[in-house]
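Visitor:
Protein chains in written order, with my numbering: chain A, 7 to 379; chain B, 6 to 317.
(1) Tell me whether the beta-carbon of residue 99(B) lies closer than 8 Å to the beta-carbon of residue 25(A).
(2) Could you tell me the alpha carbon to alpha carbon distance between residue 254(B) and residue 44(B), rounded to whole angstroms?
(3) Since residue 93(B) meets chain A, which of its residues come closer than 7 Å, beta carbon to beta carbon?
(4) In angstroms, rounded to a whole number, what distance separates the CA positions of residue 191(B) and residue 163(B)?
(5) DSSP beta-bridge partners for residue 267(B)?
(6) Within the stretch 292 to 376 of chain A, note down every full alpha helix (DSSP H) run reaching 4 residues or more, in order along the chain.
(7) Can you give me the Cβ contacts of residue 223(B) inside the same chain, cut-off strictly under 6 Å, excluding the 5 residues immediately before and after it?
(8) Leaving out the 5 sequence neighbours to the left and right, which residues in its chain are closer than 8 Å to residue 173(B) when beta-carbon positions are compared?
(9) Mark residue 215(B) as exposed unless 16 or more other C-beta atoms lie within 10 angstroms of its C-beta, in which case mark it buried.
(10) Can you find a CB in chain B that lies within less than 8 Å of the CB of residue 29(A)?
(11) Can you give, in chain order, each stretch of the beta strand (DSSP E) that sits fully within the stretch 62 to 93 of chain B and has at least 3 residues?
(12) Tell me the start and end of each unbroken beta strand (DSSP E) in the stretch 115 to 171 of chain B that is at least 3 residues and wholly inside, in chain order.
(13) Is the beta carbon of residue 119(B) closer than 8 Å to that of residue 14(A)?
(14) Starting from the beta carbon of residue 207(B), find every residue of chain A whose beta carbon is closer than 8 Å, and list them in chain order.
(15) What do you get for residue 196(B), buried or exposed, if any count of 16 or more other CB atoms within 10 angstroms of its CB means buried?
(16) Alpha carbon to alpha carbon, how far is residue 198(A) from residue 86(A)?
(17) Would a check of beta-carbon distances place residue 5(A) closer than 8 Å to chain B?
(18) Do you know how far the Cα of residue 42(B) is from the Cα of residue 201(B)?
(19) If we count Cβ pairs, one from each stretch, closer than 8 Å, do we get three or more for the stretch 223 to 235 of chain B versus the stretch 48 to 61 of chain B?
(20) Please report the residue range of the alpha helix (DSSP H) in which residue 179(A) lies.
(21) Got a sec? Which residues, its chain only, sit under 7 Å from residue 297(B) by beta carbon, not counting five neighbours each side?
(22) Cα separation between residue 297(A) and residue 25(B)?
(23) According to DSSP, is residue 16(B) helix, strand or coil?
(24) Using the Cβ count rule (16 or more neighbours within 10 Å means buried), how would you classify residue 220(B)?
(25) Between residue 172(B) and chain A, is any beta-carbon pair separated by less than 8 Å?
(26) Tell me which residues of the stretch 111 to 125 of chain B have at least one Cβ-Cβ distance to chain A shorter than 7 Å, keeping chain order.
(27) How many whole angstroms separate the CB atoms of residue 83(A) and residue 116(A), which I take to be in contact at a CB cut-off of 8 Å?
(28) Which term fits residue 307(B), buried or exposed, when burial requires 16 or more other beta carbons within 10 angstroms of its beta carbon?
(29) Under 7 Å between beta-carbons, which chain A residues line up against residue 108(B)? List them in chain order, please.
(30) Mind checking if residue 142(B) is an interface residue toward chain A, Cβ cutoff 8 Å exclusive?
(31) Counting beta carbon pairs with one atom in the stretch 164 to 179 of chain A and one in the stretch 124 to 134 of chain A, are three or more of them shorter than 8 Å?
(32) Which chain A residues sit within Cβ distance under 9 Å of residue 100(B)?
(33) Under a three-way DSSP split, which group does residue 50(A) fall into?
(34) In the DSSP assignment, find the unbroken beta strand (DSSP E) run with residue 221(B) in it and report its ends.
(35) Hey, residue 307(A) and residue 193(A) are a contact pair by Cβ (cut 8 Å); roughly how many whole angstroms apart?
(36) Counting contacts by CB-CB distance shorter than 8 Å, is residue 11(A) in contact with chain B?
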C-alpha cells in the first residue's frame with residue numbers, strides 16, 4: 007500500500023519538466039553556463055608544479071646515467087619513484103601515477119664517453135601541458151650541466167653530449183585546451199547539478215507547495231528520485247553540448263570509449279545530484295541552498311586539479327582534493343578522452359566517487375526523514 | 006449523530022517544537038457530516054492540530070483515529086482519504102490550472118484521471134481558462150481551485166486551514182454554501198477561521214488558545230459555558246464612555262457594536278446596579294441582550310491570556 011508507485015513517480019517527473027520549461031532563468035542557465043565557462047576558462051593559465059613522480063627505465067645502469075638521475079632529483083622538478091621495466095612504465099603513465107618516464111638505452115654510458123650522443127627518451131604525460139612545461143625545459147639544460155665537467159674537450163659541447171628526445175604523450179602539441187575543456191565538463195556539471203537540485207526542493211518549501219506535496223500519498227523516495235531524473239537528462243544534454251564544443255571548436259581528441267565516458271559521467275552526475283538534494287533538505291531557503299553550493303563549488307574548482315595542476319598543490323590540499331568527486335572525475339575524463347584508458351586503469355578513481363555518493367545519500371535520506379516531521 | 010463511530014476521534018494529542026508546547030492534550034470528536042469550526046488567535050496551535058490529524062506531523066503523545074485509521078501508524082492511509090487545504094495557497098503557481106489538477110490526480114492515483122480533471126474544471130467554471138497559470142488567478146479563484154484540488158480524490162473528510170483568509174465577502178459566501186452542500190452529502194468538514202460570521206455557520210465549534218482546547222460544543226453551548234450576562238448601552242455615548250464602563254465593578258468585557266456598547270460580566274446583578282447608576286440621567290438607554298458568540302470568544306481569549314501570563 008505504501009510502496010513505490012510508478013504512476014505517482016511519473017506525475018512528479020512530468021510536473022518537474024513542465025516547471026523547468028516555464029522557468030526561463032534556469033533554462034537559460036543550463037544553456038549559457040557551459041558556453042560562458044568554456045569561453046572564460048578555455049585559456050586558463052596554470053602555475054609551475056615541482057616534485058612530479060617520475061619512473062626510470064634503466065637499460066644501462068652506469069655512472070653517467072646515475073649522475074643524470076641524481077641531477078634530475080636535484081632540479082626539484084622530479085621525484086623518482088623507482089626503476090621499472092618498459093611495460094610497467096607504460097602502465098604507470100597511462101594510469102596517471104607518474105608524470106614522466108625516463109629511458110636510458112643500452113650502452114648509454116659507453117656512447118656518451120665515445121661522443122656518439124646516446125638517445126635519452128623522456129615520455130611526458132602532457133594532458134596538462136602546463137604541468138610538464140617547466141620540467142621539460144629544465145631537462146634540456148640538464149645534459150650539458152651534468153656531463154660537461156666529466157667529459158673531455160669538444161664532446162662536452164652542450165646539446166651534443168646526448169640526444170634528448172621528448173615525447174609529449176596524449177597531447178603532443180601541448181595544447182592547453184585539451185586539458186581544460188574536458189575538465190570544464192566536470193566543473194559545469196558540479197555547478198549546475200548541485201545548484202539546480204538544491205533550488206528545486208527549497209523552492210517547493212519556500213512557496214509552501216511542499217506541504218501540499220507531503221499531504222498527498224507520495225513517498226519520500228518517489229519525490230526525491232522523481233525530482234532527480236529530469237536533472238540527469240539535463241546533465242547529459244550539457245555533456246553532449248560540451249563534448250561537441252570540445253570537438254568542433256577546440257579539436258580535442260577522443261581516443262577512449264564513449265559508452266565508458268557516459269557511464270562515468272552518469273555516476274558523477276548522480277553524485278552531484280545526491281549532494282544537491284541533500285543540501286536542499288538541510289537548507290531552509292533557496293539562498294542557503296545557493297550558499298552551500300558555492301561553499302562546495304569553490305574548493306572543487308581550486309583543489310581538484312582544474313585550476314592548478316594537482317601535483318603542484320601542497321600535501322594537505324591534495325588530501326582534501328581527493329575527497330572531492332571532481333578530482334577523480336577530471337582524471338577519468340582526461341584518461342578516457344586523451345589517453346584512451348579502459349576501466350581497469352580507471353577503477354581507482356571510480357570507487358571514490360561512488361563512495362562519496364553513498365555517504366551523501368545516507369546523510370540525505372536521514373535529513374529528509376527528519377524534515378518530513 | 007446517528008450512532009456511528011466519529012470520523013475524528015482523538016484524545017490527548019501533544020506536540021512540541023523544541024521547548025514550545027504547541028498543542029496540549031487535544032481531544033476532539035467530530036461526527037460524520039458535521040461542520041466543525043476551529044477558532045482561536047494566531048499561533049494558538051490550530052494549524053499544528055490540523056497537520057497532526059491529516060498525518061503531516063506525528064504527535065509526540067496521544068492516540069486516536071481519523072476515518073477509523075490510527076493517526077500514528079496509518080498516516081499514509083489517512084492521507085489518501087483526507088482533503089487538506091493549506092492556509093497559504095500551495096498549488097504550483099507555475100503550472101496551469103489543468104496541470105495542477107492533473108498532478109494532484111496522479112498523486113492520488115486516480116483511475117479515470119482525465120475525466121475527473123475535466124469534471125472538476127467544469128464544476129469550477131474554469132474549463133475555458135484551463136491553460137491559465139495558477140499564479141495569475143485572483144485570491145477568490147485560487148481558493149476555489151485549491152478546494153477543487155483537495156476534493157478531486159473524493160475525500161470523506163475535509164481539513165480546511167483558514168480557507169477564506171484574504172477572500173472577498175461574495176466569494177466567502179459562495180464558499181460556505183459549497184461547504185454546506187458537501188456536509189449534506191455526508192462529507193465531514195473541519196475548518197479553522199478567524200471570522201465570527203463563519204463560526205456561526207458551523208454545527209459545532211472548538212476554541213483553542215495557547216495550544217489548549219478551552220471550549221467546544223455548539224455556538225449556544227459555548228456562549229452558555231461562559232456564564233456571561235450582557236447589557237447593551239445605547240443613546241448619546243460620550244467618547245470616554247467605554248473606558249469608564251470597563252472600570253465598573255463586575256464589568257469584564259466592553260465592546261462597541263455600531264453606535265452601541267455591549268458590557269458583559271459573570272455577576273449579572275452587580276453589573277446591572279453599576280450600569281443603572283451610569284444611565285440614571287436619561288441620556289442613555291440600557292437593556293439586557295443575548296451574549297453574542299464574539300463576546301464569548303473575546304472573554305475566552307482574555308481568560309486564557311491571563312492564565313497564560315500568570316503561569317511561571
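Ideal Cβ placement from N, Cα and C applies to all residues, glycine included. All values reported here derive from a predicted model rather than from experimental measurement.
Guide: Here's the rundown:
(1) yes
(2) 30 Å
(3) 214
(4) 11 Å
(5) 237(B), 260(B)
(6) 292 to 309, 321 to 329, 331 to 340
(7) 209
(8) 144, 145
(9) buried
(10) yes
(11) 66 to 71, 87 to 90
(12) 162 to 166
(13) no
(14) In chain order: nothing, as chain A lies at least about 22 Å away.
(15) buried
(16) 40 Å
(17) Past the edges of chain A, shown from 7 to 379, lies residue 5(A), and the structure says nothing about it.
(18) 10 Å
(19) no
(20) Looking at the DSSP string, residue 179(A) is not in any alpha helix (DSSP H), and its letter there is neither H nor E.
(21) none
(22) 30 Å
(23) strand
(24) buried
(25) no
(26) 111, 112, 113, 114
(27) Going by Cβ atoms, the distance from residue 83(A) to residue 116(A) rounds to 28 Å, so no, they are not a contact pair.
(28) exposed
(29) 17, 21
(30) no
(31) yes
(32) 21, 24, 25, 28
(33) The predicted model places residue 50(A) with a pLDDT of 44, which falls under 50 and marks its position as unreliable; any figure quoted below should be read in that light. The answer is coil: DSSP assigns residue 50(A) none of H, G, I, E or B.
(34) 217 to 222
(35) 6 Å
(36) yes
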